[in-house]
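Residue numbers (our numbering): 311 to 576.
By construction, the Cβ of each residue, glycine as well, lies at the ideal position given by its N, Cα and C atoms.
Keep in mind the model is a prediction, meaning the values are calculated, not measured.
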Ligand SMILES: Cc1cc2nc3c(=O)[nH]c(=O)nc-3n(C[C@H](O)[C@H](O)[C@H](O)COP(=O)(O)OP(=O)(O)OC[C@H]3O[C@@H](n4cnc5c(N)ncnc54)[C@H](O)[C@@H]3O)c2cc1C
Ligand code: FES
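Rendered as C-alpha cells:
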C-alpha cells in the first residue's frame, strides 16, 4: 500500500511512558477496530501501530515508549508530518451480546475503538484494564466511559483491585456473565485469557504481536507457525486458531531469532 502523509494534530502524554497521537491523513484511511497501520517518521523508521480511535479522517494512536522509534513518537509535536500505510490485518469480529473487553497496558489501544463499536451495536461491554500501577493505565477514562461495567487492576494495588485483568475475567466467566471475550496485552496475559475462555467454552479473540516489517504478507517476518502470518491472518485470531503455533512459546526479533525474555516488550 502507498504511504499517505499525515499531519500531527495532537500529541500528548497520556500516562507514564505512554503517548497519544492524533493524526490527520491527507486522504481518508478506512479501518476497523483490531486493524493496524505502519507509522513512518521521516528519517527515522516505520513501525506497526494499532488504530486506537478516531475515524477515516482523524486517526488516534496509543504509543508506549519502549525504544528508539516510540521515543521519537513521544517527541512529535503538533504540525509535524509523518506517514501512514494501511490499514492492514484482520479486525475483531463482533459476535455475542455480552462482551468482556480485557486490556493489559497498551493492549488497550485497539480495544477502545472496539468497545465503541460494540456499544454502537447494543452489546453490553464489561471493560477490564490492568497495569503495573496507578500511573500506567492508558486510556482508562475512555474505556471506562465506553463500558457498561468497568474493572481496574494494578499489580501493586495502587488503583483498583490488586492483581491482574485475568483475575476479573475468571470471575466473570465463572458467573456466566459474558458470552464472548476480546483481549489484547502482553502475551503471558493472552495465554491465560485463551486458557480461561477454553475452560469455560466461550468464544475468544485475541490480538497478537509479532515482529512486523512489511505489513503486507511478503517478508515472512511475522510468521507465527502453521503457515499463519500476523500481518495477514491476524493480528486478531480466534483462540482455536492459535493452537500448535508459536503463540505463548516463541517470539522472534527483527532477525528472526527468538527474543531475549529479559528485554522489554511492547
Ligand atoms: C500489529 C501490531 C500492532 C501494534 N500496536 C501498537 C500500539 O498500538 N501501540 C504501541 O505502543 N505498540 C504497538 N505495537 C508494537 C510497536 O510496533 C513496537 O513497540 C515498536 O515498533 C517498538 O519500536 P522501538 O524502536 O520503540 O523499540 P525497539 O527497541 O525496536 O523494540 C522494543 C520492543 O518492541 C518490539 N518491536 C520493535 N519493532 C517491532 C516491529 N516492527 N513489530 C513488532 N514489534 C516490534 C521489539 O521486538 C521489542 O520487544 C504493535 C505491534 C504490532 C505487530
Ligand atoms: S510483516 Fe512481512 S509478512 Fe508479515
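Alpha carbon to alpha carbon, how far is residue j from residue i? Give it in angstroms, no decimals.
{"i": "residue 463", "j": "residue 474", "result": "6 Å"}
{"i": "residue 477", "j": "residue 426", "result": "24 Å"}
{"i": "residue 379", "j": "residue 510", "result": "40 Å"}
{"i": "residue 546", "j": "residue 520", "result": "12 Å"}
{"i": "residue 472", "j": "residue 313", "result": "43 Å"}
{"i": "residue 458", "j": "residue 353", "result": "44 Å"}
{"i": "residue 399", "j": "residue 541", "result": "5 Å"}
{"i": "residue 558", "j": "residue 501", "result": "6 Å"}
{"i": "residue 340", "j": "residue 479", "result": "32 Å"}
{"i": "residue 525", "j": "residue 482", "result": "35 Å"}
{"i": "residue 450", "j": "residue 383", "result": "21 Å"}
{"i": "residue 390", "j": "residue 318", "result": "5 Å"}
{"i": "residue 507", "j": "residue 388", "result": "42 Å"}
{"i": "residue 465", "j": "residue 342", "result": "31 Å"}
{"i": "residue 381", "j": "residue 351", "result": "12 Å"}
{"i": "residue 330", "j": "residue 453", "result": "14 Å"}
{"i": "residue 356", "j": "residue 522", "result": "10 Å"}
Please list the terminal residues of the continuous alpha helix (DSSP H) segment that includes residue i.
{"i": "residue 499", "result": "497–509"}
{"i": "residue 425", "result": "421–430"}
{"i": "residue 481", "result": "475–484"}
{"i": "residue 541", "result": "540–543"}
By the three-class DSSP mapping on this structure, what secondary structure does residue i have?
{"i": "residue 524", "result": "coil"}
{"i": "residue 416", "result": "helix"}
{"i": "residue 386", "result": "coil"}
{"i": "residue 355", "result": "strand"}
{"i": "residue 368", "result": "coil"}
{"i": "residue 555", "result": "coil"}
{"i": "residue 460", "result": "strand"}
{"i": "residue 404", "result": "coil"}
{"i": "residue 379", "result": "helix"}
{"i": "residue 575", "result": "Because the pLDDT at residue 575 is just 42, under 50, the model does not fix this residue reliably, and the point stays unresolved."}
{"i": "residue 549", "result": "helix"}
{"i": "residue 439", "result": "strand"}
{"i": "residue 529", "result": "coil"}
{"i": "residue 568", "result": "strand"}
{"i": "residue 311", "result": "coil"}
Can you list, in chain order, the residues of its chain with a C-beta nearer than 7 Å to that of residue i? Leave out the 5 residues immediately preceding and following it.
{"i": "residue 552", "result": "504"}
{"i": "residue 569", "result": "561, 562 and 563"}
{"i": "residue 405", "result": "490 and 513"}
{"i": "residue 423", "result": "343, 361, 362 and 363"}
{"i": "residue 393", "result": "313, 314, 315, 316 and 350"}
Can you have a look at residue i and say buried or exposed, based on whether 16 or more other CB atoms are within 10 angstroms of its CB?
{"i": "residue 566", "result": "exposed"}
{"i": "residue 374", "result": "buried"}
{"i": "residue 401", "result": "buried"}
{"i": "residue 322", "result": "exposed"}
{"i": "residue 467", "result": "exposed"}
{"i": "residue 550", "result": "exposed"}
{"i": "residue 443", "result": "exposed"}
{"i": "residue 446", "result": "buried"}
{"i": "residue 498", "result": "exposed"}
{"i": "residue 430", "result": "exposed"}
Near residue i, which residues of its chain fall below 6 Å by C-beta distance, leaving aside the five closest residues on each side in sequence?
{"i": "residue 370", "result": "332, 362, 363 and 364"}
{"i": "residue 338", "result": "366 and 367"}
{"i": "residue 328", "result": "374 and 448"}
Enumerate in chain order the residues of its own chain whose CB-to-CB distance from residue i is below 8 Å, with the five nearest sequence positions on each side excluded.
{"i": "residue 484", "result": "510"}
{"i": "residue 408", "result": "433, 434, 436, 487, 488, 489 and 490"}
Provide the residue span of the beta strand (DSSP E) that contains residue i, from first to last.
{"i": "residue 397", "result": "391–398"}
{"i": "residue 320", "result": "314–325"}
{"i": "residue 534", "result": "533–535"}
{"i": "residue 453", "result": "It is not in any beta strand (DSSP E) - residue 453 instead sits in the alpha helix (DSSP H) that spans 450–455."}
{"i": "residue 330", "result": "328–335"}
{"i": "residue 515", "result": "514–517"}
{"i": "residue 491", "result": "490–494"}
Between residue i and chain B, is any beta-carbon pair separated by less than 8 Å?
{"i": "residue 346", "result": "Within the model displayed, chain B is absent; a lone protein chain is all it includes."}
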